[in-house]
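Chain order of the listed sequences is A and B. To convert, note that position 292 of the first sequence is 292 in our numbering; the numbers rise steadily by one, no gaps. To convert, note that position 59 of the second sequence is 59 in our numbering; the numbers rise steadily by one, no gaps.
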Amino acid sequence: MKKKGKIVIGVVVAVVIVLLLVGPLSVWNWVPTLKKPLVTYKVGALLSVTGPAAWLGTPERNTVRMIEEEINEAGGINGHPLEVIVEDTVGDATKTVTAAKKLISKDEVLAIVGPSRSGTTMAVIPIVEEAEIPLISCAAAEAIVVPVKRWVFKTPQKDSDAAIRIYEYMKEQGISKIAIITGTTGFGDQGRGQLKKFASEFDITIVVDETYGPEDTDMTAQLTKIKASEAEALVNWSIVAGQVIVAKNMRQLAMEIPLFQSHGFGNVKYAQTAGEAGEGIIFPCGRLLAVDTLAEDHPQKEVLTRYKEEYEAKYNEDVSTFGGHAWDALYLVIEALEEVGPDRGKIRDYIENKKGFVGTGGVFNFSPEDHNGLDKYAFEMLAVKDGKFVVAE
Amino acid sequence: MKKKNLIVLVILAGVTMAIPLGLGNSYYLNVLVFVGIHSLITIGLSLLMGYAGQISLGQAAFFGLGAYTSGILSTKFGVSPWLALLAAIFVTGGIAFLIGAPALKLKGHYLAMATLAFGYIVYIIFNQASSFTGGPSGFGQIPRFRLGNFLFKTDVHYYYLVWILVIVALLISLNITHSRVGRALRSIHAGELTANVMGVNTAKYKIQIFVLSAVYASVAGSLYAHFITFLNPSPFGFHFSIVLVTMVVVGGVASVWGAMIGAALLTILPEYLRAFQDYDILIYGSILLLIMVFLPKGLFVGIFDLVKKRKNRQ
């Protein structure tokens with residue numbers, strides 16, 4: 001009996017080992033197909049599907065998978081099937097670097113979409129510049145494209161434009177003394193820099209400047225200090241949970257001043273999680289989340305409606321602007337592949353000179369001096385009303 | 001040093017030096033560079049854990065201190081990367097001494113607690129001292145190593161640089177473990193009181209080995225900084241300290257070879273499992289679990305024991 005048990009365990013272990021060994025070799029590809037399709041176009045995607053920035057990476061991954069499926073069902077790119085190789089970066093710089101090298105030298109992709117986060121994007125820039133491969137980042141920080149790097153583009157709107165739009169709105173409301181609170185991540189840190197840089201231009205004084213860690217679960221200490229100050233409004237600049245916690249803590253402290261968030265708030269889940277405490281939050285954002293309130297003849301109306309409907313039908317969850325950034329990035333690459341074929345240098349040139357590309361983030365006009373291609377009007381000021389996003393009055 | 005170890009070391013040196021000849025792919029070499037960098041840290045950590053019986057939960061902080069000291073000196077002050085690496089060794093070693101001196105005089109796992117707190121402090125400093133460290137956004141354009149006119153640029157160059165240093169570190173470590181110091185350390189692991197009674201200055205040896213492990217981590221950090229050429233705080237957090245301890249435990253605590261095997265396994269495995277997409281974490285966890293359940297002494301010792309058992313039975 002005992003021996004039998006051992007044999008069973010042995011067989012199970014052997015089968016598992018064989019499966020583990022064979023799986024990655026993808027023997028399935030060796031099965032000959034009757035009709036040989038044209039060469040597959042491979043595009044890499046570095047997305048933080050798990051880890052602290054999974055709220056960015058998951059909708060991005062879903063989006064690129066959806067596009068891949070659609071393109072292939074419609075017959076591929078000029079007949080070539082599209083393969084998007086998604087690598088999970090876990091939001092970690094070391095892992096992203098390794099994954100980027102895998103995409104470049106093992107998979108030999110034609111272009112890379114992502115990474116999702118600013119810090120990880122900065123880490124892979126030296127690699128893509130050296131390997132001469134176009135990278136279209138889905139991360140926000142302006143430093144990614146300022147100064148311009150030859151092979152690096154990005155689709156999210158600029159930090160500086162977000163800060164400017166917030167300040168413009170504040171001026172209209174007659175706010176001149178503000179407090180800022182930012183997360184100590186690449187995104188929060190860059191935002192803090194932009195807020196401080198443009199404040200004087202709009203005659204706005206930052207009276208309190210506080211930060212918190214990405215994993216902090218309570219900001220009462222910082223907010224108490226802000227409450228005691230003469231700040232007339234608060235700007236929170238971070239991604240993930242901190243955005244909701246600040247709103248909730250403010251409600252607990254009975255703070256009355258308006259709360260502004262950055263474009264990192266662009267997922268309606270945040271507003272839902274914040275619940276009642278989230279009401280009245282104002283933030284700059286792409287038009288995707290307020291597409292219903294957009295005029296019929298707005299140039300982005302068609303793209304936004306299409307993306308929103310397709311995504312929500314397929315995944316049964318609300319769209320977010322983050323998935324939209326991946327949509328813009330991947331469609332830029334697809335369009336370039338359609339026009340110039342599988343040539344890294346030509347893809348780069350095509351994107352650099354692309355004008356009037358209608359995406360979810362805005363209408364992109366790239367140039368050799370501007371690898372982002374969006375201006376401040378790509379942002380709309382949105383407000384949270386009844387757990388939904390509406391255009392702020 | 002034992003003859004057996006020397007033979008293994010020579011074979012290892014031969015194999016590692018030959019690998020790039022057959023493996024031109026920059027991705028594989030890049031993974032092996034990280035295996036080397038992680039090995040450097042775990043070799044030091046295994047001396048501390050396996051021989052001196054102390055746990056450090058702040059090894060990522062020493063790794064980070066090495067990386068940041070090296071990176072800042074060479075980027076902002078124009079110091080040559082080699083000198084920056086040396087300076088980092090002194091800074092990190094000095095700090096390790098300052099923490100180790102009081103903590104290691106106490107009995108029990110005070111070093112684990114002290115290093116845990118220390119790791120957090122260092123991580124916060126990396127984030128907050130933005131004028132030097134670039135804050136959470138980090139900083140880039142760190143110069144690469146250079147020998148005369150030769151610039152260490154590609155993965156192959158770094159592969160050789162890192163692995164030569166790993167072999168040097170192994171040589172030093174094997175010498176230590178088979179010397180008077182090594183025997184003294186093992187006596188501490190077996191029973192500190194007994195060691196003291198026998199006239200072994202346990203505190204002194206523990207501090208020495210702790211500083212040495214920090215220095216190894218610092219060298220690894222400098223190599224990392226000049227290889228990636230970009231630094232931000234995220235790779236140097238508490239999580240990575242735990243990963244390092246896991247590497248040592250999975251490989252086998254009481255052996256520097258085990259530490260290397262652990263580093264290799266835990267660095268290569270996630271890359272290999274990429275093919276499983278979303279299930280990679282599940283498989284990764286199961287493999288670690290199986291190793292710990294069936295080979296609690298770690299891979300290195302565990303496999304040896306299994307082989308021995310087989311032989312005895314026959």
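Don't be surprised by glycine CBs; every beta carbon is placed ideally from N, CA and C.
Within chain B, no residue has its CB atom less than 7 Å from the CB of D386(A), the nearest being about 34 Å off. Of all residues in the stretch 178-198 of chain A, those with a C-beta nearer than 7 Å to a C-beta of chain B are T184, T185, G186, G188, D189, Q190, reading in chain order. Residue-level contact by beta carbon fails for G79(A) and chain B, as no gap is shorter than 8 Å. With fewer than 16 other Cβ atoms from the protein chains shown falling within 10 Å of its own Cβ, K308(B) counts as exposed.
Under the Cβ criterion of 8 Å, N149(B) is not counted among the residues facing chain A. For V215(B), no beta strand (DSSP E) run applies; the uninterrupted alpha helix (DSSP H) run containing it begins and ends at 202-228, by DSSP.
Taken in chain order, the stretch 21-86 of chain B contains no complete beta strand (DSSP E) segment of 3 residues or longer.
For the options F187(A), A93(A), V235(A), the alpha carbon positioned closest to that of I206(A) is the one of V235(A).
Nearest CB-CB separation between V145(A) and chain B: not below the 8 Å threshold. Per DSSP, reduced to three states, the secondary structure at T211(A) is strand. Setting aside the 5 residues that flank it on each side, V301(B) is surrounded in the same chain by G252, each with a C-beta closer than 6 Å to its C-beta; the list follows chain order. Secondary structure remark: continuous alpha helix (DSSP H) runs of at least 4 residues inside the stretch 224-305 of chain B, in chain order: 238-251, 256-272, 280-294. With a cutoff of 8 Å on beta-carbon distance, L47(A) and G114(A) are scored as near each other. Contact check for I181(A) against M219(A) passes: the beta carbons are separated by less than 8 Å. With fewer than 16 other Cβ atoms from the protein chains shown falling within 10 Å of its own Cβ, T194(B) counts as exposed.
Straight across, the Cα-Cα distance linking I99(B) with L65(B) is about 14 Å.
T360(A) sits buried, since 16 or more C-beta atoms from the chains shown fall within 10 Å of its C-beta. Using a CB distance cut-off of 8 Å, T229(B) counts as an interface residue toward chain A. Only residues of its own chain outside the window of five on either side were considered, and among them Y167, K171 have a CB closer than 6 Å to the CB of F202(A), listed in chain order. Under the three-state reduction of DSSP output, I245(A) falls in the helix class. In the DSSP assignment, L82(A) falls within the beta strand (DSSP E) that extends over 82-88. The C-beta distance from L135(A) to V152(A) rounds to 5 Å, short enough to meet the 8 Å contact threshold. With respect to the 8 Å criterion, N62(A) and Y315(A) are classified as neighbours on the basis of their beta carbons. Against chain B, the beta carbon of A392(A) has no neighbour under 7 Å; the closest one sits roughly 29 Å away.
By the neighbour-count criterion, in which a residue is buried when 16 or more other Cβ atoms sit within 10 angstroms of its Cβ, L110(A) is buried. Sequence-distant partners of A184(B) (beyond 5 residues in either direction) whose C-beta falls short of 6 Å from its own C-beta, in its chain, are V200, Y205. Under the three-state reduction of DSSP, L374(A) is assigned to coil, being neither helix nor strand.
Among the residues of chain A, those whose CB is under 8 Å from the CB of G135(B) are T184, D189, following chain order. Selection V340(A), A139(A), I178(A) evaluated against F187(A) yields A139(A) as nearest (Cα-Cα). Close to R274(B), with beta-carbon spacing below 9 Å, are these residues of chain A in chain order: P24, E87, D88, A99, K102.
When the five nearest sequence neighbours on each side are left out, the beta carbons in the same chain lying within less than 6 Å of the beta carbon of S46(B) are those of V248, V256, A259, in order along the chain. It is roughly 35 Å from the alpha-carbon of V246(A) to the alpha-carbon of Y331(A). By the Cβ-count criterion, T217(A) is exposed, with fewer than 16 other Cβ atoms from all chains shown falling within 10 Å of its own Cβ. In the structure shown, P284(A) adopts extended strand secondary structure according to DSSP, grouped into three states. Taking a 10 Å sphere around the C-beta of Y51(B), we find 16 or more other C-beta atoms and assign the residue as buried.
According to the DSSP assignment, W237(A) belongs to the beta strand (DSSP E) that extends over 233-237.
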